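Visitor: Residue numbers (my numbering): -5 to 564. Here a beta-carbon is modelled for each residue, glycine too, at the ideal position from N, C-alpha and C. Predicted, not measured: the structure shown is a model, and the values here were computed from it. Handing you a structure now.
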Amino acid sequence: MEKLEIAWLFTEIADLLELKGDNPYRIRAYRRAARALKGFSGDIRQLWEQGKLATITGIGKDLAAKIGEILSTGTCRFLEELRQEVPPGLVDMLVLPEVGPRTVHTCYSQLGITTLAELEEAARKRQLRQLPGLGAKTELKILKGIHLLNSRQGRVPLGVALPLAEELYQDLASLGEVEALSFTGSLRRRRDEVGDVDILAAATEGEKVIDLFSHSPRIAQIVAKGTNRVVAKTRLGIEVDLWVVTPKQYAPALLWATGSRRHYQRLQERAAALGVELDGCQVHKSGRAIPVTEEEVVYQLLELQYIPPELREDNGEVEAAAAGNLPSLVTLGDIRGDLHCHTDWSDGIESIEEMAEAARQLGYSYLAITDHSHSLAVAGGLSPERLLEQAGQVREINRRLDNFQLLAGTEVDILADGSLDYPDSVLEQLDVVIASVHSHFRQDRETMTRRIIKAITNPHVDILAHPSGRILGRREPYAVDLEAVLAAAARSGTVLEINASPDRLDLTDTWARRAREMGVKLAVNTDAHAGERLREMAFGITAARRGWLEPQDLINTWPWERVRDYFQKG
-5 MEKLEIAWLF TEIADLLELK GDNPYRIRAY RRAARALKGF SGDIRQLWEQ
45 GKLATITGIG KDLAAKIGEI LSTGTCRFLE ELRQEVPPGL VDMLVLPEVG
95 PRTVHTCYSQ LGITTLAELE EAARKRQLRQ LPGLGAKTEL KILKGIHLLN
145 SRQGRVPLGV ALPLAEELYQ DLASLGEVEA LSFTGSLRRR RDEVGDVDIL
195 AAATEGEKVI DLFSHSPRIA QIVAKGTNRV VAKTRLGIEV DLWVVTPKQY
245 APALLWATGS RRHYQRLQER AAALGVELDG CQVHKSGRAI PVTEEEVVYQ
295 LLELQYIPPE LREDNGEVEA AAAGNLPSLV TLGDIRGDLH CHTDWSDGIE
345 SIEEMAEAAR QLGYSYLAIT DHSHSLAVAG GLSPERLLEQ AGQVREINRR
395 LDNFQLLAGT EVDILADGSL DYPDSVLEQL DVVIASVHSH FRQDRETMTR
445 RIIKAITNPH VDILAHPSGR ILGRREPYAV DLEAVLAAAA RSGTVLEINA
495 SPDRLDLTDT WARRAREMGV KLAVNTDAHA GERLREMAFG ITAARRGWLE
545 PQDLINTWPW ERVRDYFQKG
């Protein structure tokens, strides 16, 4: 039994105690001990045999005894008792992203909630925000987490897979035997949905790493296991595939495991023409093994620019790399502002000031407040009078802010006939106007296309939000001729949005690239309903990178003055 496994057991004890509402000091003691064990570099069994476990900071007499019990028996009676006492449904709730034991205990003790279904029902009825220590933010997190989990249908949304993958990554990174580590497959390429979580590790003792990983508390079932590979199902039901290679094999294996398969085949074809052989974990030239310490070496051997993982889909990237014409892809650091967010004036949960402060903390120089229009009553849409009242408040707050521009805007509904939910006389008083479809999703292709084009050719409309209307795992894109919409946007100068919400990612990478080819400008926006959701910009940036976008293609990489001038010109 290794120290990491004992640390995992102590973490489970702490979680179960917190689910029961046990003494906070006792809970902290187990968490502190788990951290101490993860950071301990010595031989835990040897220390136990010497009777010196208490020399580890954070390990007292009682915890030392439990470590001894685990080392001698492989289990812990106290933990087994806790597993029997705590309703299993409470443990199931811990799989929700950003939901911890304290939150689950509050829901259990105050409302008697013991299942995910009961938790969802309480959140939808807005009962959770009334509980001590929770509030509307936590309620939103829970609903979003449950939606993402329920949206899994074979493939997993990136927004579900990535947080889990990062937890598994941290577990592996804490192992001293692991010398290098990376996600691979569709996760590393950042596809909007992935089949499983693929991880590659470099270690000289691969079998030991496999065994340790197999005992992770995040693992529910081992599907297949060998000396250097394990396929397992996590508690979330998502499959994870860990492959361990030697340090010398790592870089070529990373290139192969990242894929895509067609991309790697194209590299092999080019390699053969240059006398180079690519074969998974090895690279040879003229029969001689070539040492490869990083992927860039392989691309150099093939006389190619380095191709970022997001582009490796055999969509012309090899030809572009050969010609030296790969785009300089946009990064998160290029973003200067977010042009689509909501506040507690409609269906958001934070005030205008709180959203502005969250944007400033991210280093942004501007933020557009774009609450819903009045036809969307379910989202608390604003009447024209309320919208103009809000615009006045936005501008008043803006006057108090230094080196930051707070913009008065709206997300105005595109009505069934293509008209807008506010008259031009209202829209012309705003800094930013976003138009979007929130109703009549089943119109035929011709009607929907005509409807959207009519809306975006209104001179007051600056941005078309979530253009296809898809919600991953829940709603297919509506029938619309996006090619015609892009052509109209190119003529009118209307910007199309890449909605960064991980359950939307709309436009898709394919359509974002097509928009760039047609000269249409884009904006990556979060559609955030809480300040912390502004951080979901990162998901939208991955879609933009997969769409071959450079900073100049996205208007929210520009300073606000340039964005304003572009809107006015349009």
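Output the distance between the C-alpha atoms of Asn493 and Glu271, rounded to the nearest integer angstrom.
Guide: Along the sequence shown, one-based indexing puts residue 493 at 499. Along the sequence shown, one-based indexing puts residue 271 at 277. Distance between the alpha carbons of Asn493 and Glu271: 41 Å.
Visitor: With Trp2 as the anchor, note down where its alpha helix (DSSP H) starts and where it stops.
Guide: Position 8 of the sequence shown holds residue 2. Residues Lys(-3) to Lys14.
Visitor: Just the C-alpha distance for Met(-5) and Gly68, rounded to the nearest angstrom, thanks.
Guide: Within the sequence shown, the letter at position 1 stands for residue -5. Within the sequence shown, the letter at position 74 stands for residue 68. Summary for Met(-5): the model assigns pLDDT 48, below 50, so the residue's position carries little reliability; its value from the coordinates is reported in the next sentence. Their backbone Cα atoms lie some 7 Å apart in a straight line.
Visitor: Please tell me whether Ala174 and Pro246 are closer than 8 Å, where the distance is taken between their beta carbons.
Guide: Residue numbering aside, residue 174 sits at position 180 when the sequence shown is read from its first letter. Residue numbering aside, residue 246 sits at position 252 when the sequence shown is read from its first letter. Judged by beta-carbon spacing, Pro246 lies beyond the 8 Å limit of Ala174, meaning their Cβ atoms are not closer than that value.
Visitor: So, with DSSP's three-state summary, where would you put Lys242?
Guide: By 1-based counting over the sequence shown, the position of residue 242 is 248. Three-state result, Lys242: coil.
Visitor: By how many angstroms is the C-alpha of Thr504 removed from the C-alpha of Pro471?
Guide: Walking along the sequence shown from the start, residue 471 turns up at place 477. Walking along the sequence shown from the start, residue 504 turns up at place 510. Approximately 14 Å between the Cα atoms of the pair.
Visitor: Please work out which residues of its chain come closer than 7 Å, Cβ to Cβ, to Val203, disregarding the five sequence neighbours upstream and downstream, and give them in chain order.
Guide: For the purposes of this step, residue 203 is taken as the residue at position 209 of the sequence shown. If we look at Val203 and ignore the five residues flanking it on each side, its Cβ neighbours are Leu169, Glu171, Val172, Ala195, Ala197 and Val238.
Visitor: Taking only runs of the alpha helix (DSSP H) that begin and end inside the segment 35 to 110, which ones reach a length of at least 4 residues, in chain order?
Guide: 38 to 43, 55 to 67, 71 to 79, 82 to 87 and 95 to 105
Visitor: Enumerate in chain order the residues of its own chain whose CB-to-CB distance from Ser430 is below 8 Å, with the five nearest sequence positions on each side excluded.
Guide: In the sequence shown, residue 430 corresponds to position 436, counting from 1. Same-chain partners within the cutoff: Glu405, Val406, Asp407, Ile408, Leu458, Ala459 and His460.
Visitor: From Val291, Thr49, Tyr19 and Tyr102, pick the residue whose C-alpha is nearest to that of Gly36; which is it?
Guide: If you number the sequence shown from 1, residue 36 lands on position 42. Among Val291, Thr49, Tyr19 and Tyr102, the Cα nearest to that of Gly36 is on Thr49.
Visitor: Is the beta carbon of Glu133 closer than 8 Å to that of Ala117?
Guide: Taking the first residue of the sequence shown as 1, we reach residue 117 at position 123. Taking the first residue of the sequence shown as 1, we reach residue 133 at position 139. Taking 8 Å as the Cβ cut-off, Ala117 and Glu133 qualify as a contacting pair.
Visitor: Please check the pair Ala27 and Leu57, which I expect to be a contact at CB under 8 Å, by giving their CB distance rounded to whole angstroms.
Guide: Here the question's residue 27 lines up with position 33 in the sequence shown. Here the question's residue 57 lines up with position 63 in the sequence shown. Right, the Cβ-Cβ distance comes to about 5 Å (below 8 Å), so this counts as a contact.
Visitor: Taking 8 Å as the limit between beta carbons, can you name the residues of its chain near Ala218, skipping five residues before and five after?
Guide: Counting from one through the sequence shown, the residue named residue 218 turns up at place 224. So the qualifying residues of the chain are Val224 and Val225.
Visitor: Please report the straight-line C-alpha distance between Asp165 and Ile301, rounded to a whole angstrom.
Guide: Mapped onto the sequence shown, residue 165 falls at position 171. Mapped onto the sequence shown, residue 301 falls at position 307. Going from the Cα of Asp165 to the Cα of Ile301 covers about 29 Å.
Visitor: For the beta strand (DSSP E) holding Leu501, just list the boundary residues, first then last.
Guide: If you number the sequence shown from 1, residue 501 lands on position 507. Leu501 -> no beta strand (DSSP E), and no H or E assigned at all.
Visitor: Taking C-alpha atoms, which residue in Ala267, Leu268, Tyr258 and Asn309 lies nearest to Glu289?
Guide: For the purposes of this step, residue 289 is identified with residue 295 of the sequence shown, where counting begins at 1. Ranking the options by Cα distance to Glu289, first place goes to Tyr258.
Visitor: In angstroms with no decimal places, state the Cα-to-Cα distance between Ser176 and Glu526.
Guide: Indexing the sequence shown from 1 puts residue 176 at position 182. Indexing the sequence shown from 1 puts residue 526 at position 532. So the alpha carbons of these two residues sit roughly 26 Å apart.
Visitor: Please look up how many angstroms separate the CB atoms of Glu544 and Val324, rounded, as I've assumed it's under 8 Å.
Guide: Position 550 of the sequence shown, counted from the start, is the residue given in the question as residue 544. Position 330 of the sequence shown, counted from the start, is the residue given in the question as residue 324. Their Cβ separation, rounded to whole angstroms, is 6 Å, which keeps Glu544 and Val324 in contact under 8 Å.
Visitor: With a threshold of 16 other CB atoms inside 10 Å of the CB of Thr221, please say whether the residue is buried or exposed.
Guide: To locate residue 221, count along the sequence shown from 1; it is residue 227. Counting Cβ neighbours within 10 Å, Thr221 comes out exposed, since fewer than 16 surround it.
Visitor: Would you check if there are 3 or more beta carbon pairs closer than 8 Å linking the segment 393 to 404 to the segment 363 to 375?
Guide: Yes, the segment 393 to 404 touches the segment 363 to 375.
Visitor: Kindly provide the ranges of any beta strand (DSSP E) runs that are 3 or more residues long and lie completely inside the segment 151 to 217, ordered along the chain.
Guide: Counting only runs of 3 or more, we get 172 to 178 and 191 to 197.
Visitor: List the endpoints of the continuous alpha helix (DSSP H) containing Asp396.
Guide: In the sequence shown, the residue the question calls residue 396 occupies position 402. No alpha helix (DSSP H) contains Asp396, which DSSP labels as neither H nor E.
Visitor: Out of Arg507, Val514 and Glu379, which one is the CA nearest neighbour of Ile535?
Guide: Within the sequence shown, the letter at position 541 stands for residue 535. Here the closest residue by C-alpha is Arg507.
Visitor: Could you tell me the alpha carbon to alpha carbon distance between Asp16 and His99, rounded to whole angstroms?
Guide: To locate residue 16, count along the sequence shown from 1; it is residue 22. To locate residue 99, count along the sequence shown from 1; it is residue 105. A direct Cα-Cα distance of roughly 10 Å separates Asp16 from His99.
Visitor: So, helix, strand or coil for His278, using DSSP?
Guide: Walking along the sequence shown from the start, residue 278 turns up at place 284. Correct three-state label for His278: strand.
Visitor: So, under 8 Å CB-CB, Leu490 and Val474 are touching, yes? Tell me the CB distance rounded to an integer number of Å.
Guide: As a first step, residue 490 must be located in the sequence shown, where it is residue number 496. As a first step, residue 474 must be located in the sequence shown, where it is residue number 480. No, Leu490 and Val474 are not in contact; Cβ-Cβ is about 12 Å, not under 8 Å.
Visitor: Which first and last residues belong to the alpha helix (DSSP H) in which Ile450 is found?
Guide: Position 456 of the sequence shown, counting from 1, holds the residue named residue 450. Unbroken alpha helix (DSSP H) run through Ile450: Arg439 to Ile450.
Visitor: Arg540 to Leu528, Cα distance in whole Å?
Guide: Taking the sequence shown and counting its residues from 1, one reaches residue 540 at position 546. Taking the sequence shown and counting its residues from 1, one reaches residue 528 at position 534. Approximately 20 Å, taken between the alpha carbons.
Visitor: On a Cα-Cα basis, can you pick out the residue from Gln104, Gly189, Gly374 and Glu201 that is closest to Val234?
Guide: Taking the first residue of the sequence shown as position 1, residue 234 is located at position 240. The candidate whose alpha carbon is nearest that of Val234 is Gly189.
Visitor: For Ser280 and Gly274, what's the separation of their Cα atoms in angstroms?
Guide: Here the question's residue 280 lines up with position 286 in the sequence shown. Here the question's residue 274 lines up with position 280 in the sequence shown. When rounded, the distance between both Cα atoms is 17 Å.
Visitor: Give me, in chain order, the residues of the same chain whose beta-carbon lies closer than 7 Å to that of Leu424; leave out the 5 immediate sequence neighbours on both sides.
Guide: As a first step, residue 424 must be located in the sequence shown, where it is residue number 430. Close CB contacts of Leu424 within its chain, under the 7 Å cut and outside five residues either way in sequence, are with Ala385, Ala402, Gly403 and Thr404 (chain order).
Visitor: Would a C-beta distance cut-off of 8 Å place Ser626 and Trp552 closer than the cut-off?
Guide: Outside the shown range of the chain (-5 to 564) lies residue 626, about which nothing can therefore be said.
Visitor: Using DSSP with H/G/I as helix, E/B as strand and the rest coil, what is Asp328?
Guide: On the sequence shown, residue 328 is found 334 positions in, with the first residue counted as 1. In the structure shown, Asp328 sits in a helix (DSSP, three-state: H, G or I).
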